[in-house]
Each structure stands twice: as C-alpha cells, then as structure tokens.
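Participant: Mapping the sequence shown onto the working numbering, position 88 (from 1) lands on 88, and the numbers just tick up by one.
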Amino acid sequence: MKKVGIIRCQQTEDICPGTTDFKVAPMGELGFEPVGPAEIIGFVSCGGCPGKRAVARAKMLVDRGAEAVAFASCISLGKPLGMVCPHFELMKEAVAKKLGTDIQILDYTH
Ligand code: SF4
C-alpha cells in the first residue's frame, strides 16, 4: 500500500473532516487511482491563504514516510464550498519543486 500524505484547505476544516478521503484511499479509487490502494499517513492543512505553509508541511509528510502527496479536493475541485483555491497551481508548483520527482503529486482526492 502506498503511503500518502494529504494537504487540505484550511478554510473547509470547520465543515469537512475529510471522511471521503479516508474512505476511498484504501480502495485506491477516484483521486487515488494513480497510486492504487493507499494508506493516509498524515492529513494537514495548507496553513491558510495563500498556502505558503503547504511546502513545509508537504516536506514534513515526506519526512514521516509519505511516498506521494495529495491535494485534497477542497483545494483543486472546490468541494464542498464550490470555490476552487485560487492559489492551487502556485502551491502545487512550489510543493513539487521542493519534493522533487521521487514524490508523486496527486491533484485531487475524490
Ligand atoms: S490557500 Fe487555498 S487551500 Fe489554502 S486556505 Fe486559502 S483557499 Fe484554502
């Protein structure tokens, strides 16, 4: 099972505990299809707008064993608020640059 760390939007924390992510990850479904069945080894937020803490937190996830880092659907697909993070592309680019090519980046979770 691939070990995955998840970064979520801080603004959705009050209304979503990430239940669907934890449900679909072990089955390797939806956003986890590229890695197959996955174990979530950490679930952190971006730290709030504009997401500058995402880079350090992504590194922390890798240091704790993550082989892939996923951006939760609240960030890239705007679920459940209906508002996509305006900083997603920059945040993803910065995280990918920091983690290098050995760590797979998943754009969404479900
Ligand atoms: S930077 Fe994006 S993901 Fe982070 S709190 Fe703001 S809107 Fe949410």
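Note that beta-carbon positions come from the ideal geometry of N, C-alpha and C, so glycine has one too. Owing to the predicted nature of the structure, the values given are computational and were not obtained by experimental measurement.
Does the Cβ of R57 have 16 or more other Cβ atoms within 10 Å, making it buried, or fewer, making it exposed?
Facilitator: That one is buried.
Participant: Going by C-alpha distance, which of F43, A68, L106 and L81 is nearest R8?
Facilitator: Looking at the Cα atoms, F43 is the closest of the given residues.
Participant: Would you mind sorting G100 into buried or exposed? The rule is 16 or more other CB atoms within 10 Å of its CB.
Facilitator: Exposed, because fewer than 16 other Cβ atoms sit within 10 Å of the Cβ of G100.
Participant: Using only the alpha-carbon positions, how far apart do A72 and I105 sit?
Facilitator: Whole-angstrom Cα-Cα distance: 11 Å.
Participant: Secondary structure at G42, three-state DSSP: helix, strand or coil?
Facilitator: Here G42 sits in strand by DSSP.
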